[in-house]
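To start, the structure under review is shown below, and the notes come after it.
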Amino acid sequence: MSVKTIAGVQVNVSEDGYLEDMSQWNEEIAKEIASEIGIELTPKHFEVLNFLREKTAAKETLTIRGVGKSGVVNIKELYALFPKGPLKFSSRIAGIPKPTSCI
Amino acid sequence: MKNLLILGAGTAGTMMANHLRSKLYLNEWKITIVDQYKTHYYQPGFLFLPFDTYTEKQVKKVGKKFIPKDVNYIQKKIEQIFPEENKVQLEDETLHYDILIVATGSKIAPEETEGLIGPLWKKDIFDFYTFEGSLALRNKLRDWEGGKLVVHITEMPIKCPVAPLEFAFLADDYFRKKGMRDKVEISYVTPLSGAFTKPTCTTALNYLLKEKDIKIEIDFAIESVDNDTKEIVDYEDRRIPFDLLVTIPTNMGDEVIEKSGMGDDLNFIPTHHNTLQSLAHENVFVIGDATNVPASKAGSVAHFAAETLTDNILLYIDGYPLKNEFDGHANCFIETGNNKALLIDFNYVTEPVHGKFPFAKIGPLKLLKESVFNHWGKLAFRWIYWNMLLKGIPIPFVHRNMSFKGKIFDIKPDTK
Numbered sequence: 000m001s002v003k004t005i006a007g008v009q010v011n012v013s014e015d016g017y018l019e020d021m022s023q024w025n026e027e028i029a030k031e032i033a034s035e036i037g038i039e040l041t042p043k044h045f046e047v048l049n050f051l052r053e054k055t056a057a058k059e060t061l062t063i064r065g066v067g068k069s070g071v072v073n074i075k076e077l078y079a080l081f082p083k084g085p086l087k088f089s090s091r092i093a094g095i096p097k098p099t100s101c102i
Numbered sequence: 000m001k002n003l004l005i006l007g008a009g010t011a012g013t014m015m016a017n018h019l020r021s022k023l024y025l026n027e028w029k030i031t032i033v034d035q036y037k038t039h040y041y042q043p044g045f046l047f048l049p050f051d052t053y054t055e056k057q058v059k060k061v062g063k064k065f066i067p068k069d070v071n072y073i074q075k076k077i078e079q080i081f082p083e084e085n086k087v088q089l090e091d092e093t094l095h096y097d098i099l100i101v102a103t104g105s106k107i108a109p110e111e112t113e114g115l116i117g118p119l120w121k122k123d124i125f126d127f128y129t130f131e132g133s134l135a136l137r138n139k140l141r142d143w144e145g146g147k148l149v150v151h152i153t154e155m156p157i158k159c160p161v162a163p164l165e166f167a168f169l170a171d172d173y174f175r176k177k178g179m180r181d182k183v184e185i186s187y188v189t190p191l192s193g194a195f196t197k198p199t200c201t202t203a204l205n206y207l208l209k210e211k212d213i214k215i216e217i218d219f220a221i222e223s224v225d226n227d228t229k230e231i232v233d234y235e236d237r238r239i240p241f242d243l244l245v246t247i248p249t250n251m252g253d254e255v256i257e258k259s260g261m262g263d264d265l266n267f268i269p270t271h272h273n274t275l276q277s278l279a280h281e282n283v284f285v286i287g288d289a290t291n292v293p294a295s296k297a298g299s300v301a302h303f304a305a306e307t308l309t310d311n312i313l314l315y316i317d318g319y320p321l322k323n324e325f326d327g328h329a330n331c332f333i334e335t336g337n338n339k340a341l342l343i344d345f346n347y348v349t350e351p352v353h354g355k356f357p358f359a360k361i362g363p364l365k366l367l368k369e370s371v372f373n374h375w376g377k378l379a380f381r382w383i384y385w386n387m388l389l390k391g392i393p394i395p396f397v398h399r400n401m402s403f404k405g406k407i408f409d410i411k412p413d414t415k
């Protein structure tokens, strides 16, 4: 774990760049992480990010399938918004822990 | 008389029946187990059946043989659970319970992927997670002339997450021995970012893929199967051609869980990770593949979980707080072909590590290293399964929680 300054705020991040404390997150931080990844955030992106944060706060496990069924976006749209790693990148930008996959 | 009802007589349910019959006072508790199917399959054997290593007979037995005589065994379909009313509707009767254990497992749902069950299903597209699929694949492989073999995982979680990789390793070995390895191109396609789901494994074991000339395609989330061009297609229109597709379809919990409104979007039941109590109903406990806990869906996990759950059922009956004990411990052999295997030991939070097992420094089994000894261990496990595991007989020296003795924490995973 290390401390990093993102959008002028000091935040705790994990080795792979995920926020350790989701309450340290704000929209400016999201924008800066997104631009590091090469994504420019639109209101649609924020709808997805807020959905992910709500689910995480409710301790629900996130899956691409779950997001696809949420009514916010379908899976195809999720890939279009966050190419290459929809759940990994969206989680990092949403300031929530890295999604776990089990062996 | 009070009623303890177990739904599902697979690995986890059968183990619970055996554990509890010797722990509960049978003049106070009636134990009932329900399963609609007559046959109990040795599911790890489905990996070996396609390669003619095991015969059909070696992987199936009559389930009733493993249910103790003083447990009431009902072979009927379960229609719906009514957890608010403490009752379960079967096809033609209603059972009331004081304590319910749900062990209804998980199964493949190929209908979840567009085009999977199409003209090529069971012709050029196979699964090996069902007895029928595994057998059909064996018959296909016996006279397949070669081409592009694609081993593919649809999405996580899946039962026995290392099985697809083992399948690829064993396929390499099988075609080599048949003298036709040069006619087969093997690709391994995964939705994850590495061949193994645990980063330490990927770091320690990636050499195996190179050694066996298996091509790997990562981050591939399948959208559909194109039956005309014989390609799998992902959400970003990446296309991978195949002549023979061996796929692990989406795994889901039983439909009775969905019908009863007890599951998540894959029909797995939200379960306390350490006590195995259902999060929604205090007299409902969940074990094995039916749970949503972030452990492997595997018999070894169910075996360790069964020991904790047995204690917790007894504590619950006597009104004591439950033990927060289960740690997601898994202990799995991974076949790597050429009569060798690896052994991995891990839990919810600790990734597989190097070391010796079960005795620190002595072994005889080596963790995360290929050896012939581990392969024998895997083959011996079939005997252990039928004769010890299902009957709830503890496996000597193997503890329910992961032990850190004899483990060497020397692998730094590559992080992305």
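Residue numbers (numbering that gives the first Met the number 0), protein chains in the order written: chain U, 0 to 102; chain D, 0 to 415.
Just so it is clear, CB atoms sit at the ideal spot from N, CA and C, and this is done for glycine as well.
Check	Outcome
Looking at the structure shown, is D/Q88 part of a helix, part of a strand, or coil, going by DSSP?	strand
Report yes or no: is there a C-beta of chain U within less than 8 Å of the C-beta of D/F142?	Note on residue identity: the sequence assigns Asp, not Phe, to residue 142 of chain D. Output row for D/D142: interface = no.
Note the first and the last residue of the continuous beta strand (DSSP E) segment covering D/P351.	Element bounds for D/P351: n/a, residue is neither H nor E.
Is the separation between the beta-carbon of D/E350 and that of D/T199 shorter than 8 Å?	yes
So which of U/E31, U/I36, U/G37 and U/A56 has the shortest CA-CA distance to U/S119?	Chain U is shown from 0 up to 102; residue 119 of chain U falls before or after that span and cannot be answered.
In chain order, which continuous runs of the beta strand (DSSP E) of length 3 or greater are located wholly inside the segment 277 to 309 of chain D?	283 to 285
Output needed for U/C101: all residues of its chain with C-beta closer than 8 Å, excluding positions within five of it in sequence on either side, in chain order.	With a pLDDT of 43 at U/C101, under the threshold of 50, the modelled position of this residue cannot be trusted, and the question is left open.
Out of curiosity, what's the CA-to-CA distance linking D/G252 and D/A289?	6 Å
Counting C-beta neighbours from all protein chains within 10 Å, is the total for D/M0 16 or more, i.e. buried, or is it exposed?	exposed
Does U/T60 come within less than 8 Å of chain D when only Cβ atoms are used?	yes
Would you say U/I74 faces chain D, with C-beta separation under 8 Å as the test?	yes
Determine, using beta carbons only, whether U/P96 comes closer than 8 Å to chain D.	no
Quick one: measure Cβ to Cβ for D/N2 and D/P67, integer angstroms, because I've assumed they're closer than 8 Å.	Going by Cβ atoms, the distance from D/N2 to D/P67 rounds to 16 Å, so no, they are not a contact pair.
Check distances from the C-beta atoms of the segment 220 to 234 of chain D to those of chain U and list, in chain order, the residues that come in under 8 Å.	A220, E222 and Y234
Can you tell me whether D/L266 is buried or exposed, with buried defined as 16 or more other CB within 10 angstroms of its CB?	Before going further, note that residue 266 of chain D is Asn rather than Leu in the sequence given. That one is buried.
Can you give me the C-alpha to C-alpha distance between D/L341 and D/N400, rounded to a whole angstrom?	20 Å
Are the C-beta atoms of U/Y78 and some chain D residue less than 8 Å apart?	yes
Kindly indicate which three-state DSSP category D/K355 falls into: helix, strand or coil?	strand
Can you list the alpha helix (DSSP H) stretches of 4 or more residues lying completely in the segment 161 to 246 of chain D, in chain order?	162 to 176 and 198 to 210
Looking at U/I95 and U/R152, is the spacing between their C-beta atoms short of 8 Å?	Limits of chain U in this structure are 0 at one end and 102 at the other, which puts residue 152 of chain U out of reach.
Taking three-plus beta-carbon pairs below 8 Å as touching, is the segment 348 to 367 of chain D in contact with the segment 295 to 312 of chain D?	no
With D/V39 as the anchor, note down where its beta strand (DSSP E) starts and where it stops.	Contrary to the premise, residue 39 of chain D reads as His rather than Val in this sequence. Counting along the chain, the beta strand (DSSP E) containing D/H39 begins and ends at T38 to Y40.
Taking D/N291 as the query, report the chain B residues whose CB atoms sit under 7 Å from its CB, ordered along the chain.	Considering every chain present, this structure includes no chain B. Its protein chains are U and D.
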